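Each remark here refers to the structure printed beneath this line.
Residue numbers (our numbering): 191 to 323.
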């Protein structure tokens, strides 16, 4: 299983209101959710071995998927928790270790920040908040 399959919900291939989307999200959670909103990309061994840290953009995809299926309170809770993994000036790394919250991988990581922005936008649209552009 690979967290990139959350894109099926985000891109509306599995519309959020359907049972199929909700079941898909539940299956992803059961295998890849590390707690506190953190999400592994996958758990199988690759060229570097088994993943030891979570992949931050996947966590933001997870937040978006939660919002898409109507689990907005959870999306907000996890979004607020993920922001805590930034440093003192708000920068995010590529990976976060689930056990101690330490930053790993590329830093700062652009697509972690893009994930944050997309998740914030998705939540605000679900809450019917105004756009800021």
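Ideal Cβ placement from N, Cα and C applies to all residues, glycine included.
Every value quoted in this text rests on a predicted model; they were computed, and no experiment measured them.
At the level of alpha carbons, what is the spacing between residue i and residue j?
{"i": "residue 202", "j": "residue 293", "result": "31 Å"}
{"i": "residue 266", "j": "residue 211", "result": "19 Å"}
{"i": "residue 200", "j": "residue 264", "result": "16 Å"}
{"i": "residue 237", "j": "residue 191", "result": "17 Å"}
{"i": "residue 222", "j": "residue 215", "result": "10 Å"}
Which residues in the same chain have their Cβ closer than 8 Å to the Cβ of residue i, if we skip the five residues on either side of it in sequence?
{"i": "residue 285", "result": "243, 244, 245, 246, 293, 294 and 295"}
{"i": "residue 154", "result": "Outside the shown range of the chain (191 to 323) lies residue 154, about which nothing can therefore be said."}
For residue i, does the count of other Cβ atoms within 10 angstroms reach 16, so buried, or fall short, so exposed?
{"i": "residue 279", "result": "exposed"}
{"i": "residue 307", "result": "exposed"}
{"i": "residue 272", "result": "buried"}
Once you ignore the five residues that flank residue i on each side, which residues in its own chain have a CB closer than 7 Å to its CB?
{"i": "residue 303", "result": "282"}
{"i": "residue 291", "result": "275"}
Near residue i, which residues of its chain fall below 6 Å by C-beta distance, leaving aside the five closest residues on each side in sequence?
{"i": "residue 288", "result": "224, 228 and 244"}
{"i": "residue 297", "result": "283"}
With distances taken between CB atoms, is the gap from residue i to residue j smaller than 8 Å?
{"i": "residue 197", "j": "residue 251", "result": "yes"}
{"i": "residue 249", "j": "residue 316", "result": "no"}
{"i": "residue 193", "j": "residue 254", "result": "no"}
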